[in-house]
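Note that the numbering used here numbers the sequence shown so that position 137 is 118, with each residue one more than the last.
What follows is a set of notes on a single structure, which appears directly below.
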Amino acid sequence: MAHALIVIDVQNDFCPGGALAVAGGADIVPGINAAMAQADCVVLTQDWHPANHLSFASQHAGRAAFDVVEMAYGPQVLWPDHCVQGSHGAGFHPGLNVAAAHLILRKGHRRAIDSYSAFFENDKTTSTGLFGYLQQLGITQITLAGLATDFCVAYSACDAARLGLGVRLRTDLCRAIDLDGSLQRAQAEMAALGVQLVSH
Ligand code: VGL
Ligand code: ZN
């Protein structure tokens, strides 16, 4: 029963000082590095947007960051420009043990589709390929950590549970954006899908 640690978006733009900073985002880095040693496989994800990505408020005239718009696939929160391909903000936090990664998966690179989940883009059908990778390695259990709890981590956890993986989420190794109750909603949805929320 092989086990993967999947570390979601521990990037400069989601850490204090970044374009879409998550409070306490950098505090989880040492614990994530320690957890890497417990896993058979370590996957890092990287939010990786073109500069004109349609999840950016800057691409929508008259809209501001954190407004919600209707995209072809449903409602989409508009964000400040963040994690632009090749930028400093898109880089991993300098304390993260990137050398320990077996796979680095980039997501959100299609202009017209955002991708919170590490498994499916926000249209819920375009695959990132990660499930196939894990299946080929015989991985049936995953542990999730990273940023942000209520967006990319939660979407990844829910998709993984729906795909039939055993999913644990390390709440001590995640931090949330918490936009209009999004953390509570995410926690409820994860629990309903059988995601185990563990604190160590
Ligand atoms: C994320 C908002 C926009 C995340 C990524 O990593 O949770 N949130 N892009
Ligand atoms: Zn993003």
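The C-beta atom is built at its ideal place from N, Cα and C for all residues, glycine as well.
Just so we're clear, the structure is a prediction, and the values are computed from it rather than from any experiment.
Rank the options by C-alpha distance to the C-alpha of residue i and give the top, closest one.
| i | options | result |
| --- | --- | --- |
| A2 | V49, P61, F37 and S39 | P61 |
| T152 | A(-17), N(-7) and G12 | G12 |
| V(-9) | C64, M52, H(-16) and P31 | C64 |
| R149 | L174, L164 and A157 | L174 |
| A(-17) | Q168, R156, A42 and Q116 | Q116 |
| A18 | L(-14), A45 and L164 | L(-14) |
| D28 | T109, R87 and S36 | R87 |
| N(-7) | L128, G119 and Q168 | L128 |
| I9 | D104, H74, F100 and S108 | H74 |
| A16 | Q168, A157, L77 and A0 | L77 |
| Y14 | R156, A38 and A80 | A small correction: the amino acid at residue 14 is Asn; Tyr does not occupy that position in the sequence shown. With distances taken between Cα atoms, N14 lies closest to A80. |
Residue i and residue j look like a contact to me (Cβ under 8 Å); what is the Cβ gap, rounded to whole Å?
| i | j | result |
| --- | --- | --- |
| A82 | V23 | 5 Å |
| H30 | G89 | 5 Å |
Within this structure, are the beta carbons of residue i and residue j separated by less than 8 Å?
| i | j | result |
| --- | --- | --- |
| Q122 | G162 | no |
| A142 | L125 | no |
| I(-11) | V134 | yes |
| Y136 | S98 | yes |
| N33 | R91 | no |
| T107 | F100 | no |
| I120 | L25 | no |
| I158 | D131 | yes |
| D48 | L35 | no |
| A50 | Q57 | The identity of residue 50 in the sequence shown is Val, whereas the question assumes Ala. Yes, the pair counts as a contact, with Cβ atoms nearer than the cut-off. |
| G72 | G(-1) | no |
Sort out for me which residues DSSP pairs residue i with in a bridge.
| i | result |
| --- | --- |
| A(-15) | C22 and I123 |
Open item on the list: Residues around the ligand ZN, please: the condition is that the C-beta lies closer than 7 Å to some non-hydrogen atom of it.
Closed with: D28, H30, S36, W60, H63, C64, G89 and D95
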